[in-house]
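Participant:
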Amino acid sequence: MAKDQTVLFHSTVFGPIHSRRLGTSLGINLLPDDGKVCTFDCVYCEAGYNAQGTGTTGLPATERVAHDLEEKLRHMTEAGERLDVITFSGNGEPTLHPQFGEVVEIVNALRDKYFPAAKTSVLTNSTRIFDEKVAEGLEKVDNNILKLDSAIESTMRLIDNPVQREFTVERLVEGLKRFSGRGIIQTMFLRGEHDGKPIDNTSPEEVDALIAAYREIRPKSVMIYSLDRSTPEERLVKVERDELERIAARIREAGIEVSF
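Our numbering applies: residue 10 is where the sequence shown begins, and numbers increase by one.
Set out below in structure tokens:
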């Protein structure tokens with residue numbers, strides 16, 4: 010059962026917020042501030058389904074991003090606030106912005122000016138890594154966090170619902186090898202039901218397939234998590250910490266670093 014859900018960020022720069030995985034994070038939204046634009050239509054996305062529409066404001070200009078971020082960083086510096094990371098996330102897939110690589114360079118420069126100890130991060134669903142300019146931009150951030158929710162095709166399609174039908178797990182895993190030793194793979198574990206079909210990527214078969222994919226990709230580390238906020242699909246169940254720990258133990262046995 011689906012429900013209307015539009016938890017959107019209504020500005021280009023938002024926060025800072027506390028991320029349990031990244032620390033004190035300032036967000037960068039490169040998508041419209043009144044709609045969603047994404048190459049996935051995930052059942053768990055806190056921003057809701059793509060059916061809500063793309064809004065009316067369009068993508069923010071590079072100049073606006075630079076202005077808004079510098080203004081925020083200046084105010085945080087003057088107030089003596091702490092900042093651990095600047096994170097590209099927002100209302101959809103951040104790498105869809107046509108000047109994504111240029112914006113990364115601008116953000117890195119402003120970070121160096123105001124908070125040189127802070128990191129830059131991107132939360133990407135990995136669909137755009139085959140675009141050379143996007144891949145180059147991702148290589149310029151400190152934490153390139155790449156999505157892989159399932160290594161089994163049917164499960165990936167049920168959870169992530171990629172807009173492009175040609176997007177496949179096999180092609181994704183091959184593409185992610187580009188970031189071997191540097192990229193961070195992020196996996197959402199969950200179970201439940203969507204459109205009358207069961208969802209569960211926590212089974213031994215699913216975890217085995219993920220571990221095989223992780224081994225092939227050879228990421229810097231793997232980041233696992235479960236539901237923490239409201240989702241557009243009501244029939245989803247959070248995987249509790251003790252179960253995530255058991256899954257993490259299996260991944261670590263394969264010689265892969267895991268974080269929560």
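Backbone N, C-alpha and C fix where the C-beta goes; we use that ideal spot for every residue, glycine too.
Could you check the C-alpha separation between methionine 85 and arginine 227 for me, to the nearest Å?
Facilitator: In a straight line, the C-alpha of methionine 85 is about 37 angstroms away from that of arginine 227.
Participant: If the criterion is Cβ atoms closer than 7 angstroms, does the pair valine 112 and valine 74 meet it?
Facilitator: Cβ atoms of valine 112 and valine 74: closer than 7 angstroms.
Participant: Ignore the nearest five residues each way along the sequence and tell me which others in serine 235's own chain have a CB closer than 8 angstroms to its CB.
Facilitator: Correct list, in chain order: Met197, Phe198, Leu199, Lys247, Val248, Glu249, Leu253.
Participant: Looking at the secondary structure, which residues open and close the alpha helix (DSSP H) in which threonine 71 lies?
Facilitator: 71-87 is the span of the alpha helix (DSSP H), which, as asked, contains threonine 71.
Participant: With C-beta atoms as the reference, is histidine 203 less than 7 angstroms away from valine 16?
Facilitator: Cβ atoms of histidine 203 and valine 16: not closer than 7 angstroms.
Participant: Use the C-beta contact count for histidine 106: other C-beta atoms within 10 angstroms, 16 or more gives buried, fewer gives exposed.
Facilitator: The residue is buried, with at least 16 neighbouring Cβ atoms inside 10 Å.
Participant: Give me the residue from Arg166, Glu145, Gly101, Leu181 with the minimum Cα distance to serine 135.
Facilitator: Taking only the C-alpha atoms, the option nearest serine 135 is Leu181.
Participant: What does a CB cutoff of less than 6 angstroms around alanine 160 pick up in its chain, not counting 5 residues either side in sequence?
Facilitator: Same-chain partners within the cutoff: Val178, Ala218, Leu219, Ala222.
Participant: Across which residues does DSSP place glutamate 202 in a beta bridge pair?
Facilitator: Beta-bridge pairing links glutamate 202 to Pro207.
Participant: CA-CA distance, methionine 232 and threonine 211?
Facilitator: Rounded to the nearest angstrom, the two C-alpha atoms are 15 angstroms apart.
Participant: CA-CA distance, arginine 91 and lysine 128?
Facilitator: Rounded to whole angstroms, arginine 91 to lysine 128 spans 12 angstroms at the Cα level.
Participant: Taking the beta strand (DSSP E) that leucine 253 belongs to, which residues open and close that run?
Facilitator: Per DSSP, leucine 253 belongs to no beta strand (DSSP E); it is in the alpha helix (DSSP H), 250-262.
Participant: Closest to glutamine 95 by CA distance: which of Arg83, Val267, Leu245, Val131 is it?
Facilitator: Per the sequence presented here, residue 95 reads as isoleucine, with glutamine not at that position. Checking every option, the nearest Cα to that of isoleucine 95 belongs to Val131.
Participant: DSSP three-state label for valine 94, please.
Facilitator: Strand at valine 94.
Participant: Is it true that the CB of glutamate 102 sits closer than 7 angstroms to the CB of threonine 33?
Facilitator: No; because the gap between Cβ atoms is not below 7 angstroms, this pair is not in contact.
Participant: Are any of the Cβ atoms in chain C nearer than 7 angstroms to that of glycine 24?
Facilitator: Checking the listed chains, one finds no chain C in this structure; it contains a single protein chain.
Participant: Applying the criterion that 16 or more other CB atoms from any shown protein chain within 10 Å of the CB defines a buried residue, is glycine 146 buried or exposed?
Facilitator: Answer is buried; the Cβ neighbour count reaches 16.
Participant: Among Glu266, Met165, Asn170, which has the Cα closest to the Cα of isoleucine 194?
Facilitator: Minimum Cα distance to isoleucine 194 is reached at Glu266.
Participant: Relative to the C-alpha of lysine 156, which residue among Leu31, Leu185, Asn117 is closest?
Facilitator: Among Leu31, Leu185, Asn117, the Cα nearest to that of lysine 156 belongs to Leu185.
Participant: Taking a contact to mean a Cβ-Cβ separation below 7 angstroms, would you say glycine 99 touches leucine 40 in this structure?
Facilitator: Result yes, Cβ atoms of glycine 99 and leucine 40 sit closer than 7 angstroms.
Participant: Which residues does DSSP list as the beta-bridge partners of valine 172?
Facilitator: Paired residue(s): none; valine 172 is not in a bridge.
Participant: Helix, strand or coil for serine 267 per DSSP?
Facilitator: The amino acid at residue 267 is misidentified as serine; the sequence shows valine. Strand, per DSSP.
Participant: Quick check on this structure: which residue in Leu82, Glu214, Gly89 has the alpha carbon closest to the alpha carbon of arginine 259?
Facilitator: Among Leu82, Glu214, Gly89, the Cα nearest to that of arginine 259 is on Glu214.
Participant: Could you please give the first and the last residue of the uninterrupted alpha helix (DSSP H) stretch that includes glycine 184?
Facilitator: From DSSP, the alpha helix (DSSP H) with glycine 184 extends over 178-185.
Participant: By DSSP, does isoleucine 26 sit in helix, in strand, or in coil?
Facilitator: In the structure shown, isoleucine 26 sits in a strand (DSSP, three-state: E or B).
Participant: For lysine 183, which of Val143, Asp169, Ile138 has the nearest alpha-carbon?
Facilitator: Inspection of the sequence shows that residue 183 is occupied by glutamate rather than by lysine. Nearest option by C-alpha distance: Ile138.
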